[in-house]
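**Q** From first to last, the protein sequence lines stand for chains Y and B. Numbers in the numbering used here are just positions in the first sequence, counted from 1, shifted up by 370. Numbers in the numbering used here are just positions in the second sequence, counted from 1, shifted up by 370. Backbone N, C-alpha and C define an ideal beta-carbon position, used for all residues, glycine too. One structure, pasted below without further comment.
Protein chains: 2
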Amino acid sequence: MNQIELKSLLADRSPETPAGRIVRTLSERGSMSAAQLARLTGLAKSTVSTALSELKRSNMVVETGSESAGSVGRPATTLTLNPEAGTCIGILIGQSEIQVIVADVSHQILSDATAVIEPDYSPARGVEVVRELIDAAYANQWRSPDALLGVGIAVGGPVSPITGEVMRGGIPNWAGVNLHEMFGPMFDAPIFADNESNCSAIAEMTWGAAQGFEDFVLYTLDLGVGGAIVSGGRVLRGIAGGAGEFGHVVIDPDGPLCRCGNRGCLEVYASFREPLAAAERHVGHALRIADVVRLALDGDETCRRLIRQAGEAGGRGLGLIGSVFNPALVVVSGRLASAGALLMDPLAESFERFSLVKGRDMPDFARTLLRPSAFVDNGACMGAVGLVLRHHGQPLNLPH
Amino acid sequence: MNQIELKSLLADRSPETPAGRIVRTLSERGSMSAAQLARLTGLAKSTVSTALSELKRSNMVVETGSESAGSVGRPATTLTLNPEAGTCIGILIGQSEIQVIVADVSHQILSDATAVIEPDYSPARGVEVVRELIDAAYANQWRSPDALLGVGIAVGGPVSPITGEVMRGGIPNWAGVNLHEMFGPMFDAPIFADNESNCSAIAEMTWGAAQGFEDFVLYTLDLGVGGAIVSGGRVLRGIAGGAGEFGHVVIDPDGPLCRCGNRGCLEVYASFREPLAAAERHVGHALRIADVVRLALDGDETCRRLIRQAGEAGGRGLGLIGSVFNPALVVVSGRLASAGALLMDPLAESFERFSLVKGRDMPDFARTLLRPSAFVDNGACMGAVGLVLRHHGQPLNLPH
């Protein structure tokens, strides 16, 4: 199989050949049938069939099995890119953890490891931990790191889409770091980067609650409040990497000071920071958000009320986002989302109250769907893998 | 020239032939050189050249002149679709006016007429006025209404992208009207429709302040406050036609009641309704917004202050929109925009204050641009023409 050829088909966006479109669609979606490929690429079935013969002959595409196409008819053969064609690395640079996932181009996860790291770690220390995790991942399996197709980096803070620089307002010590300079020497493959929320949106679209949606909003409720906007299958980045920063919409100019420097941001009202502290006072020891969710699901009234109130406050912000986008789908992410109906019910009620378009006035097909995230912990790092598979934006280490 | 063939090239989006891409690009952009066509379509220059020869031979594309490509080199020949290939009709269904513009596919305006109509007019009366204006337009010129390529309708209220129904919250008496049923019998051509703001955004992108931008936000300051979101050259519509309703973002849940039924919407604070009443009390007679702008530009201190305050209030809402999108460009439209710096300066200052990403921290290329609209009055109706030229969404009268 020609490794170079696959790389160039994945990277070359225009002019488009049928083989190029098929390779990119399989890269973005994982496995599917020839009929689905025809529908998604907009190519004629005969064109898909001819191109697939060639791609199978050169071993870039393989048959992986069959899936029933419904209750009638024979099952369709499913196809993926040849998993041996190469690997992708996803890296999460988090507040107090570094995660590395290695996956192949057929969307199979080969390894997933997380290292806890002291808060306020230096970028150099972060890079060292990334290096260790990657070495361990490739040591454990037969695939060569030579067949690396790309690296995606999810960063706990805004990333400039133009320079690849980490902007102020995210993880400490990383503001001003140029990700290309930092990680470029480590990899001989294209590097993609974006902030955590945008990566989570890519994970939801590729494997999670937003599969099949080209337009949706991700809304994150956690210690921070944030999100991402997906339009036409593309995550909006903003001219300075600041799109989707829902937590920093000012809802009361005279409100309390926010960590961003403005006053009365949504995050001040909808962050779970204070409720978490209240829950800790209630039980008398330190808790993580997951513990509060567990206690609430087990029936603790105080924890239930704290989550319900977070849903109400979050819904106010979501109403605002609803009036801006009137989206087909909102995926609610962040660690609170695992509370299920306990969070989602008051959130939906408050969303309805603060939206311009009321769901109750609309027929089913014109109502905004609210769904909890399909991921508990590793959404952002999976999304970093997705940055590569979906060829998100301009790679940092290629000329603009 | 084959009229049918041009219609099908304009309508058929996939699979794409080079001729189809060229026709659609010329339809969207008006005139341009072969080199610009190659850049915008992503086709090789030789492919463009071959396809253009064929399109010129069949008389679908014509040479219209030449433009200097800069300070050096010979001027490039510019091309457009053959103006005789067909006309497009743009219709504005406004609060108290109906406007009809007829343009040809080379982007030349053939007629532009407005009829003032009593507020609270019935849809049937509106359709009658539209019919009269169109008959007058075609009576005055040699072109046959047979060569009609499409009709665009801009409506002063939300339009469902799925059913083509006018939703509640816009012009009186039109809620629930199905535009396809209303206008379908009148035309043997595809009908496109969207709300006024979305049409204005299309006008700015095609002929106005947003030319060359694929991603921007339109922000309207007038008696109402609203806007539109453009992403990847596509105007976002929202699942129920409610995208871009910036005026109905709730900024104070305990604030005054808004006409939409919620409390404390941005429009309550940033609408020019009350300032207009204040200006009328100041001068002692009825005024239009344009009069207040004129008085302010002539030095009337009260009117200057009212516009400055409107800019400050509008900037707060724009800061909110900025934190959601971090857009490359905001086009400020509405009748207040003609006040120029008098509005734009306080607006920019207040935008900076309420934004998460501060322009002062950013290099030039990462700053949000604020520009006043290029249109004073007929932006929305020009945009209705643009709905046809850009083939915006699914035509109302074609099967979904």
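Under 8 angstroms between beta-carbons, which chain B residues line up against L606(Y)? List them in chain order, please.
**A** Here residue 606(Y) is taken as the residue at index 236 of the first sequence, counted from 1. D585, S601, F695, listed in chain order.
**Q** Using the Cα positions of A381(B) and E671(B), report the straight-line distance between them to the nearest angstrom.
**A** On the second sequence, residue 381(B) is found 11 positions in, with the first residue counted as 1. On the second sequence, residue 671(B) is found 301 positions in, with the first residue counted as 1. Distance between the alpha carbons of A381(B) and E671(B) is about 53 angstroms.
**Q** Based on the DSSP secondary-structure assignment, which residues constitute the bridge partners of L591(Y)?
**A** Indexing the first sequence from 1 puts residue 591(Y) at position 221. DSSP output for L591(Y) lists V595(Y) as bridge partner(s).
**Q** Hey, would you say F557(B) sits closer than 8 angstroms to L757(B), going by beta carbons?
**A** In the second sequence, counting from the first residue as 1, residue 557(B) sits at position 187. In the second sequence, counting from the first residue as 1, residue 757(B) sits at position 387. Contact flag unset, no.
**Q** Are the stretch 695-714 of chain B and the stretch 660-668 of chain B touching, with three or more C-beta to C-beta distances below 8 angstroms?
**A** The stretch 695-714 of chain B vs the stretch 660-668 of chain B: in contact.
**Q** With a 10 Å radius around its C-beta and 16 neighbouring C-beta atoms as the bar for buried, classify R501(Y) as buried or exposed.
**A** By 1-based counting over the first sequence, the position of residue 501(Y) is 131. So R501(Y) counts as exposed.
**Q** Can you give me the Cβ contacts of G329(Y) inside the same chain, cut-off strictly under 6 angstroms, excluding the 5 residues immediately before and after it?
**A** A question about residue 329(Y) goes unanswered here, because the residues of chain Y that appear run from 371 up to 770.
**Q** Output the distance between the C-alpha atoms of L376(B) and H550(B), rounded to the nearest integer angstrom.
**A** Walking along the second sequence from the start, residue 376(B) turns up at place 6. Walking along the second sequence from the start, residue 550(B) turns up at place 180. About 23 angstroms.
**Q** For the stretch 408-417 of chain Y against the stretch 427-436 of chain B, do three or more pairs of beta-carbon atoms, one drawn from each stretch, fall closer than 8 angstroms, so that the two count as touching?
**A** Because the criterion of three Cβ pairs below 8 angstroms is not met, the stretch 408-417 of chain Y and the stretch 427-436 of chain B do not touch.
**Q** Could you list which residues in chain Y have their beta carbon closer than 8 angstroms to that of F642(B), in chain order?
**A** The count along the second sequence starts at 1 and reaches residue 642(B) at position 272. Near F642(B) there are no residues of chain Y at all, since even the closest Cβ is about 20 angstroms away, more than 8 angstroms.
**Q** For the stretch 610-623 of chain Y, enumerate the residues whose C-beta is nearer than 9 angstroms to any C-beta of chain B, in chain order.
**A** Correct list: A610, G611, G612, A613, G614, E615, F616, G617, H618, V619, V620, I621, D622, P623.
**Q** Distance check for G582(B) and A517(B), CA to CA, integer angstroms please.
**A** Here residue 517(B) corresponds to residue number 147 of the second sequence, with the count starting at 1. Here residue 582(B) corresponds to residue number 212 of the second sequence, with the count starting at 1. Near 30 angstroms, if we compare the C-alpha coordinates of G582(B) and A517(B).
**Q** Between which two residues does the beta strand (DSSP E) holding F642(Y) run?
**A** By 1-based counting over the first sequence, the position of residue 642(Y) is 272. Element bounds for F642(Y): n/a, residue is neither H nor E.
**Q** Run through the DSSP bridge pairs and tell me what L627(B) is partnered with.
**A** Numbered from its first residue, the second sequence carries residue 627(B) at position 257. Answer is R633(B).
**Q** Could you check the C-alpha separation between H770(B) and E398(B) for me, to the nearest Å?
**A** By 1-based counting over the second sequence, the position of residue 770(B) is 400. By 1-based counting over the second sequence, the position of residue 398(B) is 28. With a pLDDT of only 43 at H770(B), under 50, the local geometry of the prediction cannot be trusted, and the value read off the model is given with reservation. For H770(B) and E398(B), the distance between alpha carbons rounds to 23 angstroms.
**Q** Is there contact between the stretch 567-576 of chain B and the stretch 596-614 of chain B, where contact requires at least three CB pairs shorter than 8 angstroms?
**A** The stretch 567-576 of chain B is in contact with the stretch 596-614 of chain B.
**Q** Give the DSSP-derived three-state secondary structure of I504(Y) in the structure shown.
**A** Reading the first sequence from its first residue, position 134 is the one you call residue 504(Y). Of the three classes helix, strand and coil, the one that applies to I504(Y) here is helix, per DSSP.
**Q** Counting only C-beta atoms, is G689(B) closer than 8 angstroms to chain Y at any point?
**A** Indexing the second sequence from 1 puts residue 689(B) at position 319. Yes, because at least one Cβ of chain Y sits closer than 8 angstroms to the Cβ of G689(B).
**Q** Alpha carbon to alpha carbon, what distance is there between V432(Y) and V393(Y)?
**A** Residue 393(Y) sits at position 23 when you count from the first residue of the first sequence. Residue 432(Y) sits at position 62 when you count from the first residue of the first sequence. If I take the Cα positions, the gap works out to 11 angstroms.
**Q** Helix, strand or coil for E433(B), going by three-state DSSP, please let me know.
**A** Sequence index remark: in the second sequence, residue 433(B) carries index 63 (1-based). Reduced to three states, the DSSP call for E433(B) is strand.
**Q** For A640(Y) and L717(Y), what's the separation of their Cα atoms in angstroms?
**A** Along the first sequence, one-based indexing puts residue 640(Y) at 270. Along the first sequence, one-based indexing puts residue 717(Y) at 347. If you take the alpha carbons of A640(Y) and L717(Y), they lie about 11 angstroms apart.
**Q** Taking a contact to mean a Cβ-Cβ separation below 8 angstroms, would you say S401(B) touches S476(B) in this structure?
**A** One-based indexing of the second sequence puts residue 401(B) at position 31. One-based indexing of the second sequence puts residue 476(B) at position 106. Yes, the pair counts as a contact, with Cβ atoms nearer than the cut-off.
**Q** Decide if S342(Y) is buried, meaning its Cβ has at least 16 other Cβ atoms within 10 Å, or exposed.
**A** Since the first and last residues shown for chain Y are 371 and 770, residue 342(Y) lies out of range.
**Q** Within the continuous beta strand (DSSP E) that includes F695(B), where are the two ends?
**A** As a working note, residue 695(B) is residue 325 in the second sequence. Looking at the DSSP string, F695(B) is not in any beta strand (DSSP E); the run it does join, the alpha helix (DSSP H), is 671-695.
**Q** Roughly how many angstroms separate the alpha carbons of A680(Y) and L591(Y), rounded to a whole number?
**A** Here the question's residue 680(Y) lines up with position 310 in the first sequence. Here the question's residue 591(Y) lines up with position 221 in the first sequence. Going by the C-alpha atoms only, they are around 8 angstroms apart.
**Q** Note down, in chain order, every chain Y residue with its Cβ under 8 angstroms from the Cβ of R391(B).
**A** Residue numbering aside, residue 391(B) sits at position 21 when the second sequence is read from its first letter. Under the 8 angstroms cutoff, chain Y gives no residues; its nearest Cβ is about 10 angstroms from R391(B).
**Q** Under a CB-based cut-off of 8 angstroms, is R686(B) close to chain Y?
**A** By one-based count along the second sequence, residue 686(B) stands at place 316. At least one chain Y Cβ lies under 8 angstroms of R686(B).
**Q** Relative to the alpha-carbon of P555(B), which residue among A613(B), A494(B), A506(B), V587(B) has its alpha-carbon at the smallest distance?
**A** On the second sequence, residue 555(B) is found 185 positions in, with the first residue counted as 1. Among A613(B), A494(B), A506(B), V587(B), the Cα nearest to that of P555(B) is on A494(B).
**Q** To which residues of the same chain is E650(B) closer than 8 angstroms at the C-beta, ignoring the five residues directly before and after it?
**A** As a first step, residue 650(B) must be located in the second sequence, where it is residue number 280. Excluding residues within five positions, the ones whose Cβ falls inside 8 angstroms are A656, L657.
**Q** Do F735(Y) and I532(B) have their beta-carbon atoms positioned less than 8 angstroms apart in this structure?
**A** Position 162 of the second sequence, counted from the start, is the residue given in the question as residue 532(B). Position 365 of the first sequence, counted from the start, is the residue given in the question as residue 735(Y). Taking 8 angstroms as the Cβ cut-off, I532(B) and F735(Y) qualify as a contacting pair.
**Q** To the nearest angstrom, how far is it from the Cα of R643(B) to the Cα of L676(B)?
**A** Counted from its first residue, the second sequence places residue 643(B) at position 273. Counted from its first residue, the second sequence places residue 676(B) at position 306. The straight-line gap from Cα to Cα measures roughly 11 angstroms.
**Q** Give me the subset of the stretch 547-574 of chain B whose CB atoms are less than 8 angstroms from a CB atom of chain Y, sorted by chain position.
**A** So nothing in the stretch comes that close.
**Q** Please state if the CB of G526(Y) and the CB of I541(Y) are separated by a distance shorter than 8 angstroms.
**A** Taking the first residue of the first sequence as 1, we reach residue 541(Y) at position 171. Taking the first residue of the first sequence as 1, we reach residue 526(Y) at position 156. In this structure, G526(Y) lies closer than 8 angstroms to I541(Y) by Cβ.
**Q** Taking the Cβ atom as the reference point for each residue, do A698(Y) and D585(Y) lie within a distance shorter than 8 angstroms?
**A** Taking the first sequence and counting its residues from 1, the one referred to as residue 698(Y) is at position 328. Taking the first sequence and counting its residues from 1, the one referred to as residue 585(Y) is at position 215. Contact: yes.
**Q** Ends of the alpha helix (DSSP H) at E574(B)?
**A** Numbered from its first residue, the second sequence carries residue 574(B) at position 204. Run containing E574(B): 566-577, per the alpha helix (DSSP H) assignment.
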